[in-house]
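Visitor: To start, I am sharing the structure in question, which I have written as structure tokens.
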Amino acid sequence: MNDLDPTDRKLVTLLQADGRKPHAELGKAVGLAVSSVNERVRKLVDRGVITGTHVHVAPEAMGLDLLAFVFVGWSQPDVEARFLGRIEAEPAVLECHHVTGAWNYLLKVRLRNTRSLEAFLAEVIKSVEGIERTETLIVLSSPKETTALDPDPPAWAR
Numbered sequence: 052m053n054d055l056d057p058t059d060r061k062l063v064t065l066l067q068a069d070g071r072k073p074h075a076e077l078g079k080a081v082g083l084a085v086s087s088v089n090e091r092v093r094k095l096v097d098r099g100v101i102t103g104t105h106v107h108v109a110p111e112a113m114g115l116d117l118l119a120f121v122f123v124g125w126s127q128p129d130v131e132a133r134f135l136g137r138i139e140a141e142p143a144v145l146e147c148h149h150v151t152g153a154w155n156y157l158l159k160v161r162l163r164n165t166r167s168l169e170a171f172l173a174e175v176i177k178s179v180e181g182i183e184r185t186e187t188l189i190v191l192s193s194p195k196e197t198t199a200l201d202p203d204p205p206a207w208a209r
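Mind the numbering: the sequence shown is residues 52 to 209 in the working numbering, read in order.
The structure is reproduced here in structure tokens:
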């Protein structure tokens with residue numbers, strides 16, 4: 052996003068806070084006509100800067116009270132494709148990251164409780180042939196949790 056001008060950066064910031072904000076309100080905030088905002092937002096979408104608009108649902112409202120991070124490891128290279136195929140369609144997996152260090156992948160999962168976590172580990176993760184080890188961290192609280200990106204990061208982050 053280094054090639055965004057200050058107006059586009061402001062639009063991205065506002066839309067991350069409320070993706071349904073009317074373009075008339077966005078225009079007032081950035082000093083542009085609605086038609087100009089429409090065009091800028093369309094270009095941000097076309098360029099892949101804005102990849103969608105999403106509704107954030109309270110996990111607890113869905114009965115998903117447990118948040119956990121699961122490290123997954125194996126030593127044989129043929130395990131990766133099976134693992135990724137298994138977890139790709141798994142709705143409990145919110146994020147899957149290929150990581151450095153002693154582990155192959157880190158998963159962020161949302162489940163109902165520790166019983167469902169135990170079942171997830173046994174039936175989803177450890178059912179993949181070749182998975183050798185896992186380590187699970189259960190989140191007690193999340194003082195900060197966001198998906199918003201800073202379109203104008205501080206100097207130390209550039």
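Note that the Cβ used here is the ideal one computed from N, Cα and C, for glycine as well.
1. Are R166 and D116 touching if we call contact CB-CB under 8 Å?
2. Between the C-alpha atoms of H105 and G70, what's the straight-line distance to the nearest angstrom?
3. Counting pairs of Cβ atoms below 8 Å between the stretch 81-92 and the stretch 129-146, do you hit three or more?
4. With a cut-off of 8 Å on the beta carbons, I'd call V160 and V123 a contact; round off their distance for me.
5. Roughly how many whole angstroms lie between the Cα atoms of M52 and P202?
6. Distance check for E183 and Q67, CA to CA, integer angstroms please.
7. Going straight from the alpha carbon of D59 to that of A206, what length do you get?
8. By alpha-carbon positions, which one of V88, E111, S193 ends up nearest to A75?
9. Output the distance between the C-alpha atoms of C147 and E90, rounded to the nearest integer angstrom.
10. Figure out for me which residue from E111, R137, A199 has the closest Cα to the Cα of S178.
11. Can you give, in chain order, each stretch of the alpha helix (DSSP H) that sits fully within the stretch 115-162 and has at least 4 residues?
12. Counting C-beta neighbours from all protein chains within 10 Å, is the total for L135 16 or more, i.e. buried, or is it exposed?
13. Quick one: what's E186 bridged to in DSSP?
14. Measuring alpha carbon to alpha carbon, tell me which residue in L145, W154, T151 is nearest V108.
Guide: Walking through what the data contain:
1. Taking the sequence shown and counting its residues from 1, one reaches residue 166 at position 115. Taking the sequence shown and counting its residues from 1, one reaches residue 116 at position 65. Cβ distance not < 8 Å, so R166 and D116 don't count as in contact.
2. Numbered from its first residue, the sequence shown carries residue 105 at position 54. Numbered from its first residue, the sequence shown carries residue 70 at position 19. Going by the C-alpha atoms only, they are around 7 Å apart.
3. The stretch 81-92 vs the stretch 129-146: no contact.
4. Working through the sequence shown from its first residue, we reach residue 160 at position 109. Working through the sequence shown from its first residue, we reach residue 123 at position 72. Contact between V160 and V123 is ruled out by a C-beta separation of about 11 Å, above the 8 Å threshold.
5. The count along the sequence shown starts at 1 and reaches residue 52 at position 1. The count along the sequence shown starts at 1 and reaches residue 202 at position 151. Note that M52 has pLDDT 45, beneath the 50 cutoff, so the model's placement of it is unreliable and the number below is only indicative. Cα atoms of M52 and P202: separation of roughly 7 Å, rounded to the nearest angstrom.
6. Mapped onto the sequence shown, residue 67 falls at position 16. Mapped onto the sequence shown, residue 183 falls at position 132. Roughly 39 Å between the two C-alpha positions.
7. Against the sequence shown, residue 59 aligns to sequence position 8. Against the sequence shown, residue 206 aligns to sequence position 155. Roughly 19 Å between the two C-alpha positions.
8. Along the sequence shown, read from residue 1 onward, the residue named residue 75 stands at position 24. Nearest to A75 by C-alpha distance, out of V88, E111, S193, is V88.
9. For the purposes of this step, residue 147 is taken as the residue at position 96 of the sequence shown. For the purposes of this step, residue 90 is taken as the residue at position 39 of the sequence shown. The alpha-carbon atoms of C147 and E90 are separated by roughly 34 Å.
10. Taking the sequence shown and counting its residues from 1, the one referred to as residue 178 is at position 127. Nearest to S178 by C-alpha distance, out of E111, R137, A199, is R137.
11. Qualifying alpha helix (DSSP H) stretches, in chain order: 130-139.
12. One-based indexing of the sequence shown puts residue 135 at position 84. Under this definition L135 is an exposed residue.
13. Position 135 of the sequence shown, counted from the start, is the residue given in the question as residue 186. In the DSSP output, where bridge partners are listed per residue, E186 has F122.
14. Taking the first residue of the sequence shown as position 1, residue 108 is located at position 57. When each option's Cα is compared against that of V108, the closest is L145.
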